[in-house]
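Enquirer: Numbering of the sequence shown is given in the working numbering, commencing with residue 14 and proceeding in unit increments.
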Amino acid sequence: MSDPSWDEEAEVVVLGGGGAGLRAALAAAEAGASTLLLEKMPALGGKTQMSIGIMTASGTSVQKCAGLKDSHARHLADIMAMGEKAGVTIDVPATKFMIQECSKEIDTLVGLGLEFSGPHPEGPHGMPRVHVIQPDCRRLVALLIEACEKSGARLETGVAGGDLILDHKGQIAGVQAGDKRIRAHAVVLAAGDYSANHAFVAQVAPKAGLAEPIRDFATGDGHRMAMRIGARTRNMQQVNTPHLRFKEWPFVEPSPGLINAGAVLVTGTGERVKTELGQSIELPDFEDRAADFYIVIDQATAENLAKSSDDHGPGRDGWALTGKPFIGTAPRVGYAYLEDCNAWDWHAETDSLEGAAKQIGCTATSLRTAMGSTPNGALHILGPMRRVLANSGGGLSTNQRMNVLSEDGPPIRGLYGAGVNARLISFMGGHGYALAWAMASGRIAGQQAATYSKKI
Ligand SMILES: Cc1cc2nc3c(=O)[nH]c(=O)nc-3n(C[C@H](O)[C@H](O)[C@H](O)COP(=O)(O)OP(=O)(O)OC[C@H]3O[C@@H](n4cnc5c(N)ncnc54)[C@H](O)[C@@H]3O)c2cc1C
């Protein structure tokens, strides 16, 4: 180290070791930059590791293998229609760019050895575009770590990036991490979202409903670091509506159709909760209670749910063909049916009300009251679930090079953003873009940071 005021040096420093950060570190190292990734937690993976693994894309090799002819133009037309319905204006050039880059990324990941199930159908999309990582997102993280290590990127865990250091011209010079000053030509912020920082949410999104965060590490460090040096932000008021998710792997959100099909939602004391599931869930009586919830499905309700015998393929489409509900979007299969739940610890089957009550931890009397009568046949108990905030949606405003923009307009030289730390557009509609864009934006940010680092 020639300059003693620095403790360490790398051409590109990446903050955050979830999917976007690992993808950025890989791209930067492959582009020839000395690369150091800092992850504040003891292990890499972030929320990417716990994600369902849905990536939405068009014109991919996976679609072609399934005999589907799709195009980016049809995909864009579907998003435009969703935007019109939602009353939002679509940024056409940026949306086209995202569609193209997310699709390219699926094929790049296939090249890296990742496999997908599907494509599966999804809501307003005119074609099946849901690609699901096999067997789940932990494989994606493991592949990225392996590829980063092969490409020479250094990955350090248990080190939190604290502040950005600027030079006298106002361009990025390095990062403060604990008591270490790390010199960097370019920095990629990939530190995830801010749903666990309630004080920050109250400041940027005062109308957002709060709940327990699904993970405590999502404290918006990357957002705050960049905002402190004058970065522009986009959609910061957008925070996921609190909703129910299973507490243990896989962290599935139960499908809204289950209650209408006859499933009963109860608390851990067997108290019935009458509510809708899904994004609209408000649970007004439970906002301040860190309560566990369970779904009870009796034999008659189970008959109303989609089954694998309803599927025609190529993906899981029985629920769409029959209009019957599925349990929730889930790793491996895309859309889980009751028969898939046997594989997971949050599912239990019993043939008595007493057995179900024991599983929940309540009395048989309270469960009978909640169910309205003593049910006949097998009972399925799904839970515990918690009411959580899974993500926040706002990010640092970037251009298509993932260069973070300043409040005044021009890009901040040397500063890049990726994943949910950054935001190129406001609306895509549907599932599966957060992960696809985490990968694609990570690749672009890493490549661009490496190119910039060689120029200065
Ligand atoms: C249960 C669940 C299921 C989901 N399923 C899907 C899905 O199927 N499809 C989809 O598109 N999206 C899904 N999402 C959303 C998607 O997973 C995330 O948006 C995406 O993975 C974010 O990737 P990221 O790299 O930006 O953030 P993360 O993966 O969260 O990584 C951020 C990392 O930065 C680290 N960090 C934070 N601060 C610092 C700091 N100061 N210094 C160093 N490191 C720091 C964190 O510890 C973390 O490891 C899901 C989310 C959840 C919670």
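Here a beta-carbon is modelled for each residue, glycine too, at the ideal position from N, C-alpha and C.
Check whether the Cβ of Val433 sits closer than 8 Å to any heavy atom of ligand 1, and report yes or no.
Expert: Because some heavy atom of ligand 1 lies under 8 Å away, the Cβ of Val433 counts as near it: yes.
Enquirer: Among the residues of its own chain, which have a CB less than 7 Å from the CB of Ser164, if the five just before and after it don't count?
Expert: The residues are Leu39, Ala42 and Glu43.
Enquirer: Compute every distance between the C-beta of Thr69 and the non-hydrogen atoms of ligand 1, then say whether any falls below 8 Å.
Expert: Correct: Thr69 has its Cβ closer than 8 Å to ligand 1.
Enquirer: How far does the alpha helix (DSSP H) with Ile469 in it reach, from first residue to last?
Expert: Note, Ile469: premise wrong, no alpha helix (DSSP H); not H, not E.
Enquirer: So who's on the other strand from Met398, going by DSSP bridges?
Expert: According to DSSP, which records beta bridges pairwise, Met398 is partnered with Phe259 and Phe306.
Enquirer: Could you have a look at Glu266 and say whether DSSP puts it in helix, strand or coil?
Expert: Correct three-state label for Glu266: coil.
Enquirer: Could you check if Asp180 is buried or exposed, using at least 16 other CB atoms within 10 Å of its CB as the buried criterion?
Expert: Looking at its Cβ environment, which holds fewer than 16 other Cβ atoms inside 10 Å, Asp180 is exposed.
Enquirer: Is it the case that the Cβ atoms of Ala11 and Glu22 are separated by a distance below 9 Å?
Expert: The structure shown has nothing for residue 11, since the chain only spans 14 to 469.
Enquirer: Report whether the distance from the Cβ of Ile92 to the nearest heavy atom of ligand 1 is below 8 Å.
Expert: For ligand 1, not one heavy atom lies less than 8 Å from the Cβ of Ile92.
Enquirer: What does Asp311 pair with, by DSSP beta-bridge criteria?
Expert: Asp311 is bridged to Leu392.
Enquirer: Cβ atoms of Lys371 and Asp305: under 9 Å apart, would you say?
Expert: Cβ atoms of Asp305 and Lys371: not closer than 9 Å.
Enquirer: For the stretch 236-251 against the stretch 202-220, do three or more pairs of beta-carbon atoms, one drawn from each stretch, fall closer than 8 Å, so that the two count as touching?
Expert: At 8 Å Cβ cutoff, the stretches touch.
Enquirer: Quick one: complete beta strand (DSSP E) runs, 3+ long, within the stretch 32-117?
Expert: List check, beta strand (DSSP E) in window: 48-52 and 67-69.
Enquirer: Please state if the CB of Ala224 and the CB of Arg400 are separated by a distance shorter than 9 Å.
Expert: In contact: Arg400 and Ala224 (Cβ atoms closer than 9 Å).
Enquirer: Give every residue of the same chain whose Cβ lies closer than 6 Å to the Cβ of His88, excluding the five residues on either side of it in the sequence, and list them in chain order.
Expert: Excluding sequence neighbours, His88 sits near Ser71 and Ile112.
Enquirer: Just curious, the alpha helix (DSSP H) that Ile227 is in, first and last residue?
Expert: From DSSP, Ile227 is part of no alpha helix (DSSP H); its letter is neither H nor E.
Enquirer: Evaluate Pro3 with the Cβ neighbour count: other Cβ atoms within 10 Å of its Cβ, from every protein chain shown; 16 or more gives buried, anything less gives exposed.
Expert: Since the displayed the chain opens at 14 and closes at 469, residue 3 lies outside it and no answer follows.
Enquirer: Buried or exposed for Gln216, please, with buried defined as at least 16 other CB atoms from any protein chain shown within 10 angstroms of its CB.
Expert: Gln216 is exposed by the Cβ-count criterion.
Enquirer: Starting from the Cα of Gly34, find the closest Cα among Ile195, Pro17 and Thr170 and give me that residue.
Expert: It is Thr170.
Enquirer: Could you tell me which residues DSSP puts in a beta bridge with Arg167?
Expert: In DSSP, Arg167 forms a bridge with Leu49.
Enquirer: Specify the secondary structure class of Tyr496 as computed by DSSP and reduced to three states.
Expert: Nothing can be reported for residue 496: it is not among the residues displayed for the chain, which extend from 14 to 469.
Enquirer: Check whether the stretch 327-347 touches the stretch 255-272, counting contact only when three or more Cβ pairs, one atom from each stretch, lie closer than 8 Å.
Expert: Yes, the stretch 327-347 touches the stretch 255-272.
Enquirer: If contact is defined by three or more beta carbon pairs under 8 Å, each pair taking one atom from either stretch, is the stretch 122-142 in contact with the stretch 68-83?
Expert: Yes, they touch.
Enquirer: For Arg241, count neighbouring C-beta atoms within 10 Å of its own C-beta (all shown protein chains included) and say buried if the count is 16 or more, exposed if not.
Expert: With fewer than 16 Cβ atoms within 10 Å of its Cβ, Arg241 is classed as exposed.
Enquirer: By how many angstroms is the C-alpha of Thr382 removed from the C-alpha of Thr475?
Expert: There is no way to answer for residue 475, as the model of the chain reaches only from 14 to 469.
Enquirer: Is Glu24 helix, strand or coil when you go by DSSP?
Expert: Reduced to three states, the DSSP call for Glu24 is strand.
Enquirer: From the DSSP output, read off the bridge partner residues of Thr176.
Expert: The residue asked about is misnamed: residue 176 is Asp in this sequence, not Thr. In the DSSP output, where bridge partners are listed per residue, Asp176 has Gln189.
Enquirer: Residues bridged to Tyr350 by DSSP?
Expert: In DSSP, Tyr350 forms no bridge with anything.
Enquirer: Tell me the DSSP secondary structure of Tyr207 in three-state form.
Expert: DSSP places Tyr207 in coil when its eight states are reduced to three.
Enquirer: Could you work out which residue in Met54, Ala391, Gly406 and Asn416 is closest to Gln312 when comparing CA atoms only?
Expert: Among Met54, Ala391, Gly406 and Asn416, the Cα nearest to that of Gln312 is on Ala391.
Enquirer: When every heavy atom of ligand 1 is checked, does at least one fall within less than 8 Å of the C-beta of Lys60?
Expert: It does: the Cβ of Lys60 is within 8 Å (strictly closer) of some heavy atom of ligand 1.
Enquirer: Straight-line CA distance for Lys53 to Gly174?
Expert: Their Cα atoms are separated by approximately 7 Å.
Enquirer: Assign Ile65 to one of two classes, buried (16 or more other C-beta atoms within 10 Å of its C-beta) or exposed (fewer than that).
Expert: Burial call: buried.
Enquirer: Where does the unbroken alpha helix (DSSP H) through Gly331 begin, and where does it stop?
Expert: Note, Gly331: alpha helix (DSSP H), Gly331 to Thr335.
Enquirer: Rounding to the nearest angstrom, what Cα-Cα distance links Gly470 and Gly32 in this structure?
Expert: The question about residue 470 has no answer here: the residues shown for the chain are numbered 14 through 469.
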